[in-house]
Amino acid sequence: MVFRTLYVRPPSSLRTRVSRLPTVEVTVYPYECDAYGHLNEAAYLQVFERARWEALARGPGQDLFRRHQVWPAVRRATVDYQLPAFPGDVLQVETETQKVGRTSLELQQRARRTRDGALIAELQIVFVMIDGEGKSTPIPPEIATVFGSRPSVRPGELVRHEVGGVTLAVDTRGDGPALLLVHGFPLDHSLWAHQVATLSGWRRIAPDLRGAGVSDAPETGYSMTAYADDLVRLLDRMHVERAVVAGLSMGGYIAFEMMRRHPARIIGLILVDTRADADSAEGRKGRDSLIEVARTDGAASVADRMVPRLLGRSSQQTQPHVVQQVRAMVERTPVAGLVGALGAMRDRPDSTALLPTIDVPTLVVVGAEDEVTPPAAARAMAAAIPSAAMTTIPGAGHLAPLEAPTAVTRVIAEFLEAVPRP
Ligand code: MLT
95 MVFRTLYVRP PSSLRTRVSR LPTVEVTVYP YECDAYGHLN EAAYLQVFER
145 ARWEALARGP GQDLFRRHQV WPAVRRATVD YQLPAFPGDV LQVETETQKV
195 GRTSLELQQR ARRTRDGALI AELQIVFVMI DGEGKSTPIP PEIATVFGSR
245 PSVRPGELVR HEVGGVTLAV DTRGDGPALL LVHGFPLDHS LWAHQVATLS
295 GWRRIAPDLR GAGVSDAPET GYSMTAYADD LVRLLDRMHV ERAVVAGLSM
345 GGYIAFEMMR RHPARIIGLI LVDTRADADS AEGRKGRDSL IEVARTDGAA
395 SVADRMVPRL LGRSSQQTQP HVVQQVRAMV ERTPVAGLVG ALGAMRDRPD
445 STALLPTIDV PTLVVVGAED EVTPPAAARA MAAAIPSAAM TTIPGAGHLA
495 PLEAPTAVTR VIAEFLEAVP RP
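This is the structure in structure tokens:
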């Protein structure tokens with residue numbers, strides 16, 4: 095890490111926050127010691143730096159800063175020297191976060207001799223995050239999270255998380271157990287705007303899937319497996335162990351895939367306007383012809399075909415702003431994402447056999463006017479899941495959370511009340 099200035103100041107009395115950097119052990123090498131054969135104050139700086147890199151390697155990765163194209167430059171560092179350390183001594187170094195500001199980060203590190211636990215030295219260090227040109231820059235959310243703080247994000251502002259090859263844009267709000275809200279096709283996180291804004295007591299996480307909204311849209315690499323693994327990596331990045339997963343339509347297909355591949359990460363399921371069976375032969379043909387439309391005529395033509403099917407009769411007649419909102423959502427979906435999602439849905443597995451094995455609290459929600467995944471399919475699905483509850487939302491079609499936001503949020507809130515908290 096780059097040292098800018100170094101001067102002595104008293105230890106900070108700021109409230110200590112827990113950093114997610116692990117405690118590490120470092121050995122004192124002879125070349126680090128001075129003419130008297132022990133570590134002096136300057137050498138302690140190096141030992142503490144070595145410990146930080148070691149902790150990064152064991153925790154979030156030594157490329158934590160590089161992958162966000164930022165660098166922590168040292169603004170101030172103070173060593174509080176307590177006892178000498180000699181070659182061969184093994185020091186246990188713990189790191190605590192003192193403060194995470196918008197662009198600065200203050201840490202305290204403590205080195206103890208492993209042989210007798212004696213406190214050898216303490217370091218108080220302040221970094222400022224800089225960009226490639228050396229200008230101070232806001233601490234990226236993942237880095238703030240690693241150091242024990244939630245990023246300060248304005249409501250509606252999306253944060254970006256790299257999930258292994260693609261970057262997902264995510265709307266995150268609130269504190270508490272995690273609720274992951276997975277949108278359908280060809281939509282984005284804003285489908286869940288009302289639920290994200292109002293389900294307080296939960297940490298609401300609404301990503302744009304790969305190929306949707308403003309997330310990356312690679313040309314290839316779309317499948318239910320890829321979507322599910324992206325989301326689990328996203329939970330990892332956000333240090334979320336387990337979550338209630340809500341999926342609408344294609345989001346439900348992805349929730350099933352998460353259930354198959356990562357069951358330990360799911361503490362509850364909310365299946366909205368979705369179905370468990372795979373596409374019929376006719377359905378697959380339909381996917382292929384819509385892929386052609388997307389490739390040849392673009393997202394607006396996909397919107398022409400899809401919007402009337404997505405919204406219920408009542409919404410189309412009485413909620414022109416919702417019709418407009420959905421149309422805009424479809425039109426801004428990148429063609430690569432449309433094509434990728436259609437192929438992924440066409441090739442998705444049948445999840446019917448999974449239903450009786452679902453052993454987490456489950457809620458099935460369906461719009462009474464849903465023609466894509468009709469109430470009969472929802473009823474069959476709910477009946478096959480042990481102890482699933484089901485609610486039908488009057489006056490809503492396939493996009494119930496958007497068409498009847500208050501009713502859907504209320505049934506979800508009631509369901510969440512009953513989910514055992516992790
Ligand atoms: C969706 O809303 O995700 C899609 O309409 C689902 C589908 O076409 O199977």
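All residue numbers for the sequence shown refer to the working numbering, where the first residue is 95 and numbers rise by one.
Every residue gets a Cβ at the ideal spot worked out from N, C-alpha and C, and that includes glycine.
Pair within 7 Å by beta-carbon distance, residue i and residue j
i	j	result
Thr197	Pro166	no
Gly362	Pro450	no
Leu432	Ala388	yes
Ile364	Leu293	no
Val334	Ile360	no
Pro116	Arg170	no
Thr467	Asp382	no
Val260	Asp310	yes
Ala430	Glu256	no
Val122	Asp183	yes
Trp296	Gly268	yes
Ala136	Thr189	no
Ala205	Leu185	yes
Arg378	Arg442	no
Tyr241	Val168	The sequence given here has Phe at residue 241, not Tyr. No, the Cβ-Cβ distance between Phe241 and Val168 is not below 7 Å.
Gly489	Asp464	no
Ile385	Leu303	no
Val308	Ala349	no
Gly461	Ala494	yes
Met521	Gly278	There is no way to answer for residue 521, as the model of the chain reaches only from 95 to 516.
Val396	Gly341	no
For residue i, the residue or residues it bridges with in DSSP
i	result
Ser198	Val222
Glu313	BP columns for Glu313 are empty, so no partner.
Leu275	Ala340
Gln163	Paired residues: none, contrary to the question.
Gly362	Val338
Val260	Answer by DSSP bridge pairing: none, since Val260 is not bridged.
Leu510	For Leu510, which the question treats as bridged, DSSP gives no partner whatsoever.
Asp282	Paired residue(s): none; Asp282 is not in a bridge.
His255	Leu262
Tyr175	Ala215
Ala300	Asp265
Lys193	Glu200
Ala205	Val187 and Ala215
Ser230	Ile224
Glu236	Glu236 pairs with nothing; no bridge assigned.
Glu119	Gln186
Residues of its chain near residue i, where Cβ-Cβ distance is below 6 Å and the 5 sequence neighbours each way are ignored
i	result
Gly434	Gly305 and Tyr316
Ala482	Thr456, Val458 and Ala476
Leu510	none
Asp265	Leu252, His283, Val290 and Ala300
Pro499	His288
Ala394	Glu425
Thr346	Reading off the sequence, residue 346 comes out as Gly, not Thr. Excluding sequence neighbours, Gly346 sits near Leu365 and Thr368.
Arg355	Ala322
Glu508	none
Phe142	Gln203 and Leu217
Asn134	Asp128
Arg515	Pro271
Arg298	Arg267, Gly268, Leu273 and Val290
Ala145	Val118, Val120 and Val187
Other residues of its chain near residue i: CB distance less than 8 Å, five sequence neighbours each side excluded
i	result
Pro105	Unreliable placement is indicated for Pro105, whose pLDDT of 31 sits below 50; no coordinate value is reported for it.
Leu496	Leu285, Ala287, His288, Val416, Gln419 and Val420
Met352	Ala322, Leu325, Val326, Val339, Arg359 and Ile360
Val164	Met223, Ile224, Asp225, Thr231, Ile233, Pro234 and Ile237
Asp371	Asp444, Ser445, Thr446 and Ala471
Asp453	Pro480
Thr319	Glu351 and Arg355
Arg504	none
Thr110	Residue placement at Thr110 cannot be trusted, given a pLDDT of 37 that sits under 50; the coordinates are not used to answer.
Contacting residues, own chain, Cβ-Cβ under 7 Å from residue i (five flanking each side not counted)
i	result
Gly147	What sits at residue 147 in the sequence shown is Trp, not Gly. Result list for Trp147: Gln156, in chain order.
Val513	Val338, Ile361, Gly362 and Pro455
Met423	Leu281, Asp282 and Ser284
Ala501	Ile487
Met400	Pro280 and Val424
Leu158	Leu150, Ile237 and Val240
Pro154	Val240
Ala212	Leu177 and Arg206
- Query: Taking only runs of the beta strand (DSSP E) that begin and end inside the region 425 to 483, which ones reach a length of at least 3 residues, in chain order?
  - Reply: 456 to 461
- Query: In chain order, which continuous runs of the alpha helix (DSSP H) of length 4 or greater are located wholly inside the region 366 to 412?
  - Reply: Within the region 366 to 412, the complete alpha helix (DSSP H) segments of 4 residues or longer fall at 375 to 391, 393 to 404 and 407 to 412, listed in chain order.
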